[in-house]
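The next block holds one structure in the form of structure tokens; read it before the comments.
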Amino acid sequence: MSNLPETPISAPSEPTISMTHLNHHYGQGSLRKQVLFDINLQIDRGEILIMTGPSGSGKTTLLTLMGSLRSIQDGSLSILGHELFNASKEQMTLARRDIGYIFQAHNLLNFLTVYQNVEMALEIQTVTAAEADTRIRNVLTAVGLEDRMNYYPSDLSGGQKQRTAIARALVSQPKIILADEPTAALDKKSGRDVVEIMEKLAREQGCTILLVTHDNRILDLADRIICMEDGHLVNRSAVDAIVQHPK
Ligand code: ADP
Ligand code: MG
Numbered sequence: 001m002s003n004l005p006e007t008p009i010s011a012p013s014e015p016t017i018s019m020t021h022l023n024h025h026y027g028q029g030s031l032r033k034q035v036l037f038d039i040n041l042q043i044d045r046g047e048i049l050i051m052t053g054p055s056g057s058g059k060t061t062l063l064t065l066m067g068s069l070r071s072i073q074d075g076s077l078s079i080l081g082h083e084l085f086n087a088s089k090e091q092m093t094l095a096r097r098d099i100g101y102i103f104q105a106h107n108l109l110n111f112l113t114v115y116q117n118v119e120m121a122l123e124i125q126t127v128t129a130a131e132a133d134t135r136i137r138n139v140l141t142a143v144g145l146e147d148r149m150n151y152y153p154s155d156l157s158g159g160q161k162q163r164t165a166i167a168r169a170l171v172s173q174p175k176i177i178l179a180d181e182p183t184a185a186l187d188k189k190s191g192r193d194v195v196e197i198m199e200k201l202a203r204e205q206g207c208t209i210l211l212v213t214h215d216n217r218i219l220d221l222a223d224r225i226i227c228m229e230d231g232h233l234v235n236r237s238a239v240d241a242i243v244q245h246p247k
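Under UniProt numbering, read the sequence shown as residues 1 to 247, first letter to last.
Below is the structure:
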């Protein structure tokens, strides 16, 4: 018998997103206020995580840090193996290429059609025009907007606008999707539809999702639920989360 340790069949992959001892403050001097406290979180590849928590608890702040939209002040945050603490502007921009960000307000450009809004997200990528066209049509079909491609946002319902925003986030096939209350402006049915579409496409693409929501009806779509309270991250079961936010 050899004393060598067993070789694992496949090496454990490193988490897609990893943060340790993350703190964040807003303001200067006497107005300085801490909004995130010692956040420690690992998110694995392909995981679908839902984050809940009261308004003002720090969810959006944490999402913008993960999205490389804001500099890390204190602690460590790494995205796909790239550390964002002390990262240069160029490194931060590079990290954003792997991330699809869906904001609470869909942020579509009103003077562009559905097709053109989605196309915008591809312009920084290096794909041919033909490949871009195929991808745009495929993703718009996947979110059920194949017959709305040439509409302007003002002619769409709330659910259709949010589905356009999802198509825009997914068209570049990002490895990570960060969605900040994407269903807040939608009715029950379209809210769940939108998240189901996002989940299905993400599972197909092996993409990792972190979704912030107050919506109890979609908690069952998550692999894991976390909760933010006053800038602290607490783990909760789905049941606790529902009890905490009855609706
Ligand atoms: P949530 O998304 O959970 O509602 P936020 O991350 O938006 O929470 O906000 C957390 C706290 O930080 C709140 O007290 C909010 O008022 C404050 N805050 C958010 N953004 C800023 C900012 N740009 N400048 C100063 N304070 C901010
Ligand atoms: Mg928020």
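For every residue, glycine included, the Cβ atom is placed at its ideal position computed from N, Cα and C.
Discussion item. Given the structure, does Tyr26 come close to the ligand ADP, in the sense that its CB is under 7 Å from one of the ligand's heavy atoms?
Written reply: At a cut-off of 7 Å, the beta-carbon of Tyr26 counts as near the ligand ADP: some heavy atom of the ligand is closer than that.
Worksheet item: Do you know offhand how far Lys247's Cα is from Ile209's?
Response: Unreliable positioning characterises Lys247 in this predicted model, as indicated by a pLDDT of 45, which lies under 50. A coordinate reading is not provided.
Fill in: Start and end residues, beta strand (DSSP E) containing Lys33
In the DSSP annotation of this structure, the continuous segment of the beta strand (DSSP E) that includes Lys33 starts and ends at Lys33 to Ile43.
Discussion item. Does Thr164 come out as helix, strand or coil in the three-state DSSP assignment?
Written reply: Under the three-state reduction of DSSP, Thr164 is assigned to helix.
Worksheet item: Residue ranges of each alpha helix (DSSP H) run of no fewer than 4 residues wholly in the region 166-224, ordered along the chain?
Response: Counting only unbroken stretches of 4 or more residues, the alpha helix (DSSP H) elements lying wholly within the region 166-224 are 188-205, in sequence order.
Practice prompt. Let me know if Leu58 comes out buried or exposed under the rule of 16 or more other beta-carbons within 10 Å of its beta-carbon.
Written response: According to the sequence displayed, residue 58 carries Gly and not Leu. Gly58 is classed as buried because its beta carbon has at least 16 other beta carbons within 10 Å across all chains shown.
Worksheet item: Who are the Cβ neighbours of Asp223 in its own chain at under 6 Å, not counting the five residues just before and after it?
Response: For Asp223, where only same-chain residues beyond five positions count, the Cβ hits under 6 Å are Glu47 and Ile48.
Fill in: Cα-Cα separation between Ala95 and Tyr101, rounded to whole angstroms
Cα-Cα distance, rounded: 12 Å.
Worksheet item: Does the distance from the CB of Phe103 to the CB of Asp180 come in under 8 Å?
Response: Yes, the Cβ-Cβ distance between Phe103 and Asp180 is below 8 Å.
Discussion item. Please return the same chain residues whose Cβ sits closer than 8 Å to the Cβ of residue 250, not counting the five positions on each side in sequence.
Written reply: Nothing can be reported for residue 250, as the shown portion of the chain is limited to 1 through 247.
Discussion item. Quick check on DSSP: helix, strand or coil for Tyr151?
Written reply: Judged by DSSP in its simplified three-state form, Tyr151 adopts coil rather than helix or strand.
Practice prompt. Report the option in Asn40, Ser18, Glu229 and Ala169 whose CA atom is closest to the CA atom of Arg135.
Written response: Arg135 has its Cα closest to that of Ala169, out of Asn40, Ser18, Glu229 and Ala169.
Worksheet item: Taking 7 Å as the line, does the beta carbon of Ile89 fall inside it for any heavy atom of the ligand MG?
Response: Correcting the residue identity first, residue 89 is Lys in this sequence and not Ile. The ligand MG has no heavy atom closer than 7 Å to the beta-carbon of Lys89.
Worksheet item: Cβ of Asp180 within 7 Å of any heavy atom in the ligand MG?
Response: Distances between the C-beta of Asp180 and the heavy atoms of the ligand MG include at least one below 7 Å.
Worksheet item: Which value, in whole angstroms, describes the spacing of the CA atoms of His232 and Ala129?
Response: If you take the alpha carbons of His232 and Ala129, they lie about 45 Å apart.
Worksheet item: Would Met66 pass as a contact of Leu77 if the rule is Cβ separation under 8 Å?
Response: In contact: Met66 and Leu77 (Cβ atoms closer than 8 Å).
Worksheet item: Is the CB-CB distance between Cys207 and Ile176 below 8 Å?
Response: Cβ distance < 8 Å, so Cys207 and Ile176 count as in contact.
Item to complete: Could you give the DSSP three-state label for Ser2: helix, strand or coil?
Response: Confidence in Ser2 is poor, its pLDDT being 48 and thus under 50, which makes the residue's placement too unreliable to answer from.
Worksheet item: Rounded to a whole number of angstroms, what is the C-alpha to C-alpha distance between Lys188 and Arg217?
Response: Rounded to the nearest angstrom, the two C-alpha atoms are 8 Å apart.
Worksheet item: Roughly how many angstroms separate the alpha carbons of Gln205 and Val171, rounded to a whole number?
Response: Computed Cα separation, rounded: 11 Å.
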